[in-house]
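For the sequence shown, our numbering begins at 8 and goes up steadily by one.
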Amino acid sequence: MARIENDKTLPHAERILTTIESGAAAAKSMVVASWARSVNVHGLAPDLSPSVQRWSESDLSERRDRMSRMLHVSQPTVERLLGMVSLAGCAVFLCDKDGVILESHCTSNDRDHFEKVGLGRGADWSEGAQGTNGIGTCIAEGRAVSIHQDQHFIASNTPLHCMGAPIFDVEGNLAAVIDISACRSDLNGAMSTLISQAVNDAAGQIEADNFCDVYSGMRILKGNSDNRRTPVLLAVNSDDLVIGATRAARKLYGLPTREAFTPKPTADLLGEQEVRGIGLDNAERREINRAIARAKGNMSEAARLLGVSRATFYRRAKKLGLLNS
């Protein structure tokens, strides 16, 4: 089955359809799984080239408004990335979670070329629109992908090399994709590997910058992880409660991966010695807040954890301004 997938002597459409029909290959290959979705889920045909769907300027403006924070914080990283790859004839694209290109960055000499193949602002490169490709398949898989030339589903897209990486928001949901694409035939394996690494690094940097911007004013802790390309960051408030975590940090510390979570005492997650603030009121406020967090808002349980009566707990919490009434 792998031989069929890689058999360059077969016409593009025949190779794809034969590979899909063989069955088990889709379970072993991310590319073949995407080919199968392109046919069975999206109803596309590899030898029929759909026109690139483009959103209107008003629709694109609304999408950009929803992503305004991430577009802003991503600018320095995107500019650095473009400086690294533009001389190689590559372009950098920032897309939303639906696969719509919000920003297109390339040299003026290359712009017309990329526009001609449909890679421009407002273009829809979801799998549903274009089949297997670096943007849409990255979204469908929720991970970094590299789709080279005839790995693309649509025959007219086979001149392209596309390398995309996901960017997750502060609640762990996929929010955007950063993609580098090239239309050159001489992009060798070593160069494509370097570009893929650069895309992954850029995605991690944008995710970290967005997290720090959302939680500006909070203490940001960096956790230990073997994967340096995914940021492991925790946002900690003045009571030493973790109130935010990146997707990688959520996985590392056993937090919900795709939703908001109740605040957690930092010491409970990191196992570090608790650092107390200066002054009895600050220390007491911190301890009460931690107890409430550990008890998930149950005041009776929080009092029990502190070893005090419920009446004493309420009296101290009210004095410290921790209760609404």
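Cβ coordinates follow ideal geometry from the N, Cα and C atoms, glycine included.
(message) Tell me the rounded alpha-carbon separation between Q60 and G328.
(response) The residue given as residue 60 occupies position 53 in the sequence shown. The residue given as residue 328 occupies position 321 in the sequence shown. Near 55 Å, if we compare the C-alpha coordinates of G328 and Q60.
(message) Given this structure, state the Cα-to-Cα distance separating E64 from R128, to the nearest angstrom.
(response) Locating residue 64 in the sequence shown gives position 57, where the first residue counts as 1. Locating residue 128 in the sequence shown gives position 121, where the first residue counts as 1. Approximately 9 Å, taken between the alpha carbons.
(message) Does the structure place the segment 153 to 160 close enough to the segment 68 to 88 that three or more beta carbon pairs sit under 8 Å?
(response) no
(request) Please report how far the alpha carbon of Q137 lies from the alpha carbon of V206, in whole angstroms. (result) Walking along the sequence shown from the start, residue 137 turns up at place 130. Walking along the sequence shown from the start, residue 206 turns up at place 199. So the two alpha carbons sit approximately 21 Å from each other.
(request) Could you round the C-beta distance between C102 and V184 to whole angstroms and report it? I think they count as a contact, below 8 Å. (result) Position 95 of the sequence shown, counted from the start, is the residue given in the question as residue 102. Position 177 of the sequence shown, counted from the start, is the residue given in the question as residue 184. So it is a contact: roughly 5 Å between Cβ atoms.
(message) Our contact map puts F160 next to S45 with C-beta atoms below 8 Å; I'd like the distance itself, whole angstroms only.
(response) Within the sequence shown, numbered from 1, the residue matching residue 160 stands at position 153. Within the sequence shown, numbered from 1, the residue matching residue 45 stands at position 38. About 4 Å; that satisfies the 8 Å criterion.
(request) Look at the Cβ atom of A300, then the Cβ atom of P272, and state whether they are nearer than 8 Å. (result) Position 293 of the sequence shown holds residue 300. Position 265 of the sequence shown holds residue 272. Closer than 8 Å, so yes.
(message) According to DSSP, simplified to helix, strand and coil, what is S223?
(response) For the purposes of this step, residue 223 is taken as residue 216 along the sequence shown, with counting starting at 1. Coil at S223, not helix or strand.
(request) Would you mind working out which of D105, G179 and V107 sits nearest P263, comparing C-alpha positions? (result) Looking up residue 263 in the sequence shown gives position 256. Comparing Cα positions, the closest option is G179.
(request) Could you pull out every residue in the same chain whose Cβ sits closer than 7 Å to the Cβ of H120, ignoring the five residues on either side in sequence? (result) Indexing the sequence shown from 1 puts residue 120 at position 113. C190.
(request) Could you tell me which residues DSSP pairs with L181 in its beta bridges? (result) Walking along the sequence shown from the start, residue 181 turns up at place 174. F175.
(request) In the DSSP assignment, find the unbroken alpha helix (DSSP H) run with V5 in it and report its ends. (result) A question about residue 5 goes unanswered here, because the residues of the chain that appear run from 8 up to 332.
(request) Could you check what DSSP says for G135 in three-state terms: helix, strand or coil? (result) One-based indexing of the sequence shown puts residue 135 at position 128. DSSP places G135 in helix when its eight states are reduced to three.
(request) Determine which residues share a DSSP beta bridge with L101 and list them. (result) On the sequence shown, position 94 is the one that residue 101 refers to. E110 and I185.
(message) With the cut-off set at 8 Å, would you say S81 and I213 are in Cβ contact?
(response) Locating residue 81 in the sequence shown gives position 74, counting from the first residue. Locating residue 213 in the sequence shown gives position 206, counting from the first residue. The answer is yes: Cβ separation under 8 Å.
(request) Round the Cβ separation of M170 and D193 to the nearest angstrom and send it over; I've been treating them as touching at under 8 Å. (result) Taking the first residue of the sequence shown as 1, we reach residue 170 at position 163. Taking the first residue of the sequence shown as 1, we reach residue 193 at position 186. Incorrect: roughly 16 Å between the Cβ atoms, too far for contact.
(message) Using only CA atoms, which one of L248, S203, N231 and A252 lies nearest to A215?
(response) Mapped onto the sequence shown, residue 215 falls at position 208. Out of L248, S203, N231 and A252, A252 has the C-alpha closest to the C-alpha of A215.
(message) Taking the beta strand (DSSP E) that S75 belongs to, which residues open and close that run?
(response) Here residue 75 refers to the residue found at position 68 of the sequence shown. Element bounds for S75: not the beta strand (DSSP E) but the alpha helix (DSSP H), S75 to V92.
(message) Assuming contact is defined by CB atoms lying nearer than 8 Å, are L240 and K258 in contact in what I supplied?
(response) Here the question's residue 240 lines up with position 233 in the sequence shown. Here the question's residue 258 lines up with position 251 in the sequence shown. Not a contact, by the Cβ cut-off of 8 Å.
(request) List the endpoints of the continuous beta strand (DSSP E) containing A310. (result) Locating residue 310 in the sequence shown gives position 303, counting from the first residue. No beta strand (DSSP E) contains A310, which is instead part of the alpha helix (DSSP H) from M306 to L313.
(request) Report all residues from its chain with a CB closer than 8 Å to the CB of E266; omit the five preceding and five following residues, and keep chain order. (result) Sequence index remark: in the sequence shown, residue 266 carries index 259 (1-based). Hits under 8 Å: E178 and G179.
(request) Specify, as a first and last residue, the run of the alpha helix (DSSP H) that A20 falls within. (result) As a first step, residue 20 must be located in the sequence shown, where it is residue number 13. It spans H19 to E28 - the alpha helix (DSSP H) in which A20 sits, taken as one unbroken run.
(message) In whole angstroms, give me the CA-to-CA distance for S36 and L17.
(response) The residue labelled residue 36 in the question sits at position 29 within the sequence shown. The residue labelled residue 17 in the question sits at position 10 within the sequence shown. Approximately 19 Å, taken between the alpha carbons.
(message) If you reduce the DSSP assignment to three classes, tell me which class G50 lands in.
(response) For the purposes of this step, residue 50 is taken as residue 43 along the sequence shown, with counting starting at 1. Correct three-state label for G50: coil.
(request) Select from I108, Y321 and C113 the residue whose C-alpha is nearest the C-alpha of S93. (result) As a first step, residue 93 must be located in the sequence shown, where it is residue number 86. Comparing Cα positions, the closest option is C113.
(message) DSSP three-state label for G284, please.
(response) The residue labelled residue 284 in the question sits at position 277 within the sequence shown. Per-residue confidence for G284 stands at a pLDDT of 40, beneath the threshold of 50, marking its modelled position as unreliable; the derived number appears in the next sentence. Correct three-state label for G284: coil.
(request) Could you tell me the distance, in whole angstroms, from the CA atom of F268 to the CA atom of E110? (result) Residue mapping note: residue 268 aligns to position 261 of the sequence shown, counting from 1. Residue mapping note: residue 110 aligns to position 103 of the sequence shown, counting from 1. Distance between the alpha carbons of F268 and E110: 32 Å.
(message) Whole angstroms are fine: how far does the CA of P238 sit from the CA of G149?
(response) As a first step, residue 149 must be located in the sequence shown, where it is residue number 142. As a first step, residue 238 must be located in the sequence shown, where it is residue number 231. Roughly 16 Å separates the two Cα atoms.
(request) Name, in chain order, the residues that DSSP records as bridge partners for I154. (result) Within the sequence shown, residue 154 is the residue found at index 147, counting from 1. Looking at the DSSP assignment, I154 forms a beta bridge with C169.
(request) Compute the Euclidean distance between the alpha carbons of A324 and L248, then round it to the nearest angstrom. (result) Along the sequence shown, one-based indexing puts residue 324 at 317. Along the sequence shown, one-based indexing puts residue 248 at 241. Going from the Cα of A324 to the Cα of L248 covers about 17 Å.
(request) Could you pull the start and end residues of the beta strand (DSSP E) that G143 belongs to? (result) As a first step, residue 143 must be located in the sequence shown, where it is residue number 136. Looking at the DSSP string, G143 is not in any beta strand (DSSP E); the run it does join, the alpha helix (DSSP H), is G143 to E148.
(message) So, at 7 Å on beta carbons, what are the nonlocal neighbours of Y222 in its own chain, with the 5 sequence-adjacent residues on each side left out?
(response) Along the sequence shown, one-based indexing puts residue 222 at 215. Correct list, in chain order: A242 and G251.
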